[in-house]
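So the protein lines, in turn, are chains F and H. Just so we're aligned, residue 1421 is where the first sequence starts under the numbering used here, counting upward by one. Just so we're aligned, residue 32 is where the second sequence starts under the numbering used here, counting upward by one. The C-beta atom is built at its ideal place from N, Cα and C for all residues, glycine as well. For reference, the structure discussed in these notes is given below.
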Amino acid sequence: MKPKALWNPYVGGVALGLVLLATFLLMGYGLGSSGAAARLGCSVTYCVAPTVVEGSPYMSHYSGLHLNALDNWMVFLVIGLFMGGLISAVYARRNDRAVLKGEHSPYSNGKRLLFALIGGILMGVASRFARGCTSGQALSGGALLSVGSWVFMMCIFAGGYLMAPFVRRQWQ
Amino acid sequence: MTFPLYQLDAFGQPTAKVLAIVLGLFFGIVLERNGFGRSTILAAQFYGRDNRVLKVMFSAIVTALVGLAFFRTIGLLDWSAMVVPKTFLYPMIFGGLLFGVGFVVSGYCPGTSVVAMASRKIDGALTFLGIVLGSVLFGILYPLYESFYLSGDLGVYRLPDLLHVPEPVVILAVVAMAIGAFLGAETLERKLARKDHESPPVSVKAVRNAVFIVLGIFAFSSFTPVQIHTTQARQAKVGKMDPWTLARTIVKDPGAVEILCLRREVPKVVIPGAERYSKGVSLSEYLEGLPGTQTLVMVLDNDAPTPYEQLGNYTGRITRLAGGYEAFAGLFLMEPKLSDDAGPEDIRNFEERYALYRFMTGSKSAGPRPKRKPKKVKRKLKKDGGCG
């Protein structure tokens, strides 16, 4: 069976905006996901090598990355995000196991996965510098009209468009 | 009811966690149905042929922006309780550029990588792993760039502050800019599709127009003068102070609380440090004279209404003593008695209560009492025949 069609982007955007609005009204904060990844990383590192966390002024107390990731509601938001993604993908029949790349991409799956990992590491570092990612900073901060969030958003597009020609073969 | 609920202490962490899961569920469903669980769709943004990311993102920002303005205008949102991300200019520019590079290389952003992972996309799972590793890497190397990380600190700095124009004007400008970006994106998509001899992504113009007419109308509502229902907002802000917490604070850190007795009767035994507010000055005037850094504890009769209107603009935390004077007096201003069937928990409780009682009433020192004392009291009680 064919997967279900995607939503009209304008309708889908309004739907995302309503979820964001509900989060603002209930919590006073917007949506976020990179913070949860950072907390998870911090907790796992603490279990494996506590001295690394204690030795880093950022991880130990500066940023408020609590040692127990489950102390923070943002982490639960990402748990819900995973569940929601799963439910929707099963419903829309898009939950096939796959390594996604451009239809005519000459990249092997291994190379694609290496790129995914490298891109992830870059975003992990970048989201700490920017104190958030596309959800927490660009989307949420953007809706609150924060100057830094808008600067960050414009820079994401700039960085993406500048880098795009170099990885064109991955997505062609 | 005043929003935002969690920031105004309408519920605590456990409820917040449950709500977060529910909000996350919707977040995940919406991202997935927009196609954001697939790197190919997300990366297409950077090649101009399908600007779905831009359309979804800007529609979402405009919806939330206009929605917040609407709730503020009708007085249901206390804007001061919203957490606006602070601006750190230079690390945010650097972070944005680096993030954009990572985005087009991996094909995901953090939130979408979670959705991709949930729908069994291996590249999504690897991206998420990378994000976790990258965050840890940042933490380990932090001392190398600490000063850069903290540079360009502009605090909470919003577009209306930057542009020196009223907020409603900025809101309308953002809506107009979004519509401009959509029209531009659709033109680009059509041009590139003609060049490739393919059909452009489906765009339902009628839907887009309908959506933006509605959002535009709501955006105009933000021009209505803001009338926050201060009483209502404060109602949500006034918390309860439990007598035990108050008693312990009086002993340990009396400077942290400003106790204000607002009862008509003058009790025989007063709560130590309590100020009797006299009718000479109005309550709001009296509050203005305070530094506003302490937690205000209002002592009222149990059934008396809270004087919300008179709380002015007191900046500190405002609480009302739970159970009123009677509850506090019953616990700490009268000599506590231990019941016959008291367990070890009760005895420990009693010991603290007795110490607090001695402190409050000034009977001898507040020093630690000998451990045996409660038992003696118990015996004495028995002799007296006890009382219900």
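Checking contacts by CB at 7 angstroms: is proline 35 of chain H closer than that to chain F?
Within the second sequence, residue 35 of chain H is the residue found at index 4, counting from 1. Yes, proline 35 of chain H lies at the interface with chain F (some Cβ there is under 7 angstroms from its Cβ).
In chain H, what lies closer than 9 angstroms to alanine 1469 of chain F by C-beta?
To locate residue 1469 of chain F, count along the first sequence from 1; it is residue 49. Within chain H, no residue comes near alanine 1469 of chain F; the closest Cβ sits about 10 angstroms away, beyond 9 angstroms.
Quick test of your reading: leucine 1533 of chain F and aspartate 154 of chain H, contact by CB under 8 angstroms. State the CB separation rounded to the nearest angstrom.
Reading the first sequence from its first residue, position 113 is the one you call residue 1533 of chain F. Reading the second sequence from its first residue, position 123 is the one you call residue 154 of chain H. About 6 angstroms; that satisfies the 8 angstroms criterion.
What residues in its chain sit with their C-beta under 8 angstroms from that of lysine 404 of chain H, if we drop five residues either side in the sequence?
Residue numbering aside, residue 404 of chain H sits at position 373 when the second sequence is read from its first letter. The predicted model places lysine 404 of chain H with a pLDDT of 43, which falls under 50 and marks its position as unreliable, so this point remains unresolved.
Taking 6 angstroms as the limit between beta carbons, can you name the residues of its chain near serine 370 of chain H, skipping five residues before and five after?
By 1-based counting over the second sequence, the position of residue 370 of chain H is 339. There are no such residues.
Just the chain F side, please: which residues come within less than 8 angstroms of alanine 112 of chain H by C-beta, in chain order?
If you number the second sequence from 1, residue 112 of chain H lands on position 81. Those within 8 angstroms of alanine 112 of chain H in chain F are Gly1448.
Beta carbon of alanine 112 of chain H, beta carbon of glutamine 38 of chain H: below 7 angstroms?
Residue 112 of chain H sits at position 81 when you count from the first residue of the second sequence. Residue 38 of chain H sits at position 7 when you count from the first residue of the second sequence. Yes, they are a contact pair.
If you drop the 5 nearest sequence neighbours on each side, which residues of the same chain put their C-beta closer than 7 angstroms to that of valine 187 of chain H?
Here the question's residue 187 of chain H lines up with position 156 in the second sequence. Cβ within range, chain order: Val115, Lys117.
Using three-state DSSP, classify methionine 113 of chain H as helix, strand or coil.
The residue given as residue 113 of chain H occupies position 82 in the second sequence. If DSSP states are grouped into helix, strand and coil, methionine 113 of chain H belongs with coil.
For chain F, is any of its Cβ atoms less than 7 angstroms away from the one on threonine 158 of chain H?
On the second sequence, residue 158 of chain H is found 127 positions in, with the first residue counted as 1. For threonine 158 of chain H, the answer is yes, since a Cβ of chain F falls inside 7 angstroms of its Cβ.
Taking 8 angstroms as the cut-off, does the segment 122 to 131 of chain H touch the segment 1563 to 1581 of chain F (at least 3 CB pairs, one atom from each stretch)?
A contact exists between the segment 1563 to 1581 of chain F and the segment 122 to 131 of chain H.
Going by the CB atoms, is the gap between glycine 59 of chain H and glycine 1504 of chain F shorter than 7 angstroms?
Within the first sequence, residue 1504 of chain F is the residue found at index 84, counting from 1. Within the second sequence, residue 59 of chain H is the residue found at index 28, counting from 1. Yes; because the gap between Cβ atoms is below 7 angstroms, this pair is in contact.
Hey, is the segment 50 to 64 of chain H in contact with the segment 172 to 180 of chain H, meaning 3+ C-beta pairs nearer than 8 angstroms?
Verdict: no, contact absent.
Pull out every residue of the segment 1525 to 1539 of chain F whose Cβ sits closer than 7 angstroms to any Cβ of chain H, in chain order.
Answer in chain order: Arg1532, Leu1533, Phe1535, Ala1536, Leu1537, Ile1538, Gly1539.
Nearest CA to the CA of leucine 157 of chain H: which residue from H:Phe169, H:Pro174, H:Gly138, H:Tyr173?
As a working mapping, residue 157 of chain H is identified with position 126 in the second sequence. For the residues H:Phe169, H:Pro174, H:Gly138, H:Tyr173, the minimum Cα distance to leucine 157 of chain H belongs to H:Gly138.
For a contact defined as C-beta to C-beta under 7 angstroms, what are the partners of alanine 424 of chain H on chain F?
Since the first residue of chain H shown is 32 and the last is 419, residue 424 of chain H is not available in this structure.
Which of helix, strand or coil does DSSP assign to phenylalanine 119 of chain H?
As a first step, residue 119 of chain H is located in the second sequence; it is residue number 88 there, counting from the start. Note: phenylalanine 119 of chain H maps to strand in three-state DSSP.
Is it the case that the CB of leucine 1565 of chain F approaches a heavy atom of the ligand PLP more closely than 6 angstroms?
Among the ligands in the structure shown, none appear at all, so the ligand PLP cannot be discussed.
If you measure beta-carbon to beta-carbon, which residues of the segment 172 to 200 of chain H are closer than 9 angstroms to chain F?
From the segment 172 to 200 of chain H, only Leu172, Tyr173, Pro174, Tyr176, Glu177, Phe179, Tyr180, Gly183, Leu185, Val187, Tyr188, Arg189, Leu190, Pro191, Asp192, Leu193, Glu198 have a Cβ closer than 9 angstroms to chain F.
Apply the 10 Å Cβ neighbour rule to proline 1429 of chain F and answer buried if 16 or more other Cβ atoms are within range, or exposed otherwise.
Counting from one through the first sequence, the residue named residue 1429 of chain F turns up at place 9. It counts as buried.
For glutamate 63 of chain H, go through chain F and note every residue whose CB falls closer than 9 angstroms to its CB, in chain order.
Start at 1 with the first residue of the second sequence, and residue 63 of chain H comes out as number 32. Neighbours of glutamate 63 of chain H on chain F, chain order: Gly1504, Gly1505, Leu1506, Ile1507, Ser1508, Ala1509, Tyr1511, Ala1512, Arg1514.
So what does arginine 351 of chain H bridge to, in DSSP terms?
Along the second sequence, read from residue 1 onward, the residue named residue 351 of chain H stands at position 320. For arginine 351 of chain H, which the question treats as bridged, DSSP gives the partners H:Lys271, H:Met329.
May I have the straight-line CA-CA distance separating glycine 393 of chain H from serine 1547 of chain F, to the nearest angstrom?
Your numbering for residue 393 of chain H matches position 362 in the second sequence. Your numbering for residue 1547 of chain F matches position 127 in the first sequence. Their Cα atoms are separated by approximately 56 angstroms.
In this structure, how does DSSP classify glycine 59 of chain H when only helix, strand and coil are distinguished?
Locating residue 59 of chain H in the second sequence gives position 28, counting from the first residue. Reduced to three states, the DSSP call for glycine 59 of chain H is helix.
Which class does cysteine 1553 of chain F belong to by DSSP, given the choice of helix, strand or coil?
For the purposes of this step, residue 1553 of chain F is identified with residue 133 of the first sequence, where counting begins at 1. Note: cysteine 1553 of chain F maps to coil in three-state DSSP.
For proline 405 of chain H, which of helix, strand or coil comes out of DSSP?
Here residue 405 of chain H is taken as the residue at index 374 of the second sequence, counted from 1. The pLDDT assigned to proline 405 of chain H is 44, lower than 50, so where the model puts this residue is not dependable, and the model offers no usable value.
Starting from the C-beta of leucine 362 of chain H, find all residues in its chain whose C-beta is less than 6 angstroms away, skip the five residues before and the five after it, and write them out in chain order.
Taking the second sequence and counting its residues from 1, one reaches residue 362 of chain H at position 331. Here the set comprises Pro274.
Quick check: is the beta carbon of phenylalanine 251 of chain H nearer than 7 angstroms to any beta carbon in chain F?
The sequence position of residue 251 of chain H within the second sequence is 220, counting from 1. False, the Cβ-Cβ gap to chain F never drops below 7 angstroms.
Can you have a look at glutamate 229 of chain H and say buried or exposed, based on whether 16 or more other CB atoms are within 10 angstroms of its CB?
Indexing the second sequence from 1 puts residue 229 of chain H at position 198. It is exposed - the Cβ of glutamate 229 of chain H has fewer than 16 other Cβ atoms within 10 Å.
My output table needs one value for valine 200 of chain H: the three-state DSSP class, helix, strand or coil.
Counting from 1 along the second sequence, the entry for residue 200 of chain H is found at position 169. Reduced to three states, the DSSP call for valine 200 of chain H is helix.
Cα-Cα, which of H:Leu352, H:Glu198, H:Leu318 is closest to threonine 337 of chain H?
Taking the second sequence and counting its residues from 1, one reaches residue 337 of chain H at position 306. Ranking the options by Cα distance to threonine 337 of chain H, first place goes to H:Leu352.
Would you mind reading off the limits of the beta strand (DSSP E) that contains cysteine 1462 of chain F?
Within the first sequence, residue 1462 of chain F is the residue found at index 42, counting from 1. Here cysteine 1462 of chain F belongs to no beta strand (DSSP E); instead the alpha helix (DSSP H) covers 1454 to 1468.
Would you check if the distance between the CB atom of glutamine 1592 of chain F and the CB atom of serine 1528 of chain F is smaller than 7 angstroms?
In the first sequence, counting from the first residue as 1, residue 1592 of chain F sits at position 172. In the first sequence, counting from the first residue as 1, residue 1528 of chain F sits at position 108. No, they are not a contact pair.
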